[in-house]
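Asker: Quick note on the numbering used here: the sequence shown kicks off at 3 and runs consecutively. Virtual Cβ for every residue (Gly too), placed ideally from N, Cα, C. These numbers were taken from a predicted model, which means no experiment stands behind them. There's a structure below that I have some questions on.
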Amino acid sequence: MGFRDTIQKYISTHTETREKHPDEKLQTHYYKSSKDKVMKEVQAMINQRQGLKVQSVSEERGEIIVRADSGKKIFLVATVIMVRPYRTAVDFSVTTETVLPVDFGYSRKLIYELYKSLNGRLTFVGAGLGDNLTQGF
Numbered sequence: 003m004g005f006r007d008t009i010q011k012y013i014s015t016h017t018e019t020r021e022k023h024p025d026e027k028l029q030t031h032y033y034k035s036s037k038d039k040v041m042k043e044v045q046a047m048i049n050q051r052q053g054l055k056v057q058s059v060s061e062e063r064g065e066i067i068v069r070a071d072s073g074k075k076i077f078l079v080a081t082v083i084m085v086r087p088y089r090t091a092v093d094f095s096v097t098t099e100t101v102l103p104v105d106f107g108y109s110r111k112l113i114y115e116l117y118k119s120l121n122g123r124l125t126f127v128g129a130g131l132g133d134n135l136t137q138g139f
C-alpha cells in the first residue's frame, strides 16, 4: 500500500471495494452461489444490522441501496454480479455523511464487518479473483 493510499485510508469519508485494491480486505469478494441467493443474503444481513435500512433494490442491475440515518449517517451501495455459474462477486461502496472531511476509518471498518458477516453466510471462494475467473473465455 502506497503512502497516498495509507493517508487516504484515514482521511476520507468514502471507501469502496474493487478487484485490485491495495488493501486485500477491500478486494472484490467471490462466493459459490447464484446471484439471487447472494442478493437475498445481502439484504437479510443488512436488515439484521441495527440502524441500516434498505432503500431500494434493483435485481436486474444487482444493486442494493442502503441508508443509515440513526447514529452515523451513511449511504451504502452493494453490487452483486454473477461472473459465471455459481461464482458471484460482491462489492461495496460506503460514503459517510459527516461535517468533517474524515470519518476516521468508519466506512472501511463497516465494509470489513459486512464481508466478515457475508463470509459466514455464504461459501467464500476468494477475493480479487477476477483475472482467474475470466480465463478460458
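Going by C-alpha distance, which of A129, N121 and G128 is nearest M47?
Answerer: Checking every option, the nearest Cα to that of M47 belongs to N121.
Asker: To which residues does DSSP link R69 through a beta bridge?
Answerer: Bridge partners of R69: K55 and F77.
Asker: So what's G130 in DSSP terms, helix, strand or just coil?
Answerer: Here G130 sits in coil by DSSP.
Asker: Measuring alpha carbon to alpha carbon, tell me which of K55, L124, L131 and L116 ends up nearest K34.
Answerer: The option with the nearest alpha carbon to K34 is L124.
Asker: I think T98 touches K74, with their Cβ atoms under 8 Å apart; what is that distance to the nearest whole Å?
Answerer: With a Cβ gap of about 6 Å, T98 and K74 count as contacting.
Asker: Under DSSP, the alpha helix (DSSP H) around V40 begins and ends at which residues?
Answerer: Looking at the DSSP string, the run of the alpha helix (DSSP H) that includes V40 is K37 to Q50.
Asker: With a threshold of 8 Å on Cβ separation, who are the neighbours of R20 within its own chain once the five nearest residues in sequence on each side are excluded?
Answerer: Excluding sequence neighbours, R20 sits near L28, Q29, T30 and D93.
Asker: When you compare only the Cα positions, how much space is there between F77 and I83?
Answerer: Approximately 20 Å, taken between the alpha carbons.
Asker: Which value, in whole angstroms, describes the spacing of the CA atoms of L102 and E65?
Answerer: Cα to Cα, the separation comes out at about 28 Å.
Asker: Could you tell me if S58 is buried or exposed, where buried requires 16 or more neighbouring beta carbons within 10 angstroms of its beta carbon?
Answerer: Per the 10 Å Cβ criterion, exposed.
Asker: Please go through the same chain and pick out, in chain order, the residues whose beta-carbon is closer than 6 Å to the beta-carbon of S95, but skip the five residues on each side of it.
Answerer: Only E18 and V79 meet the Cβ criterion.
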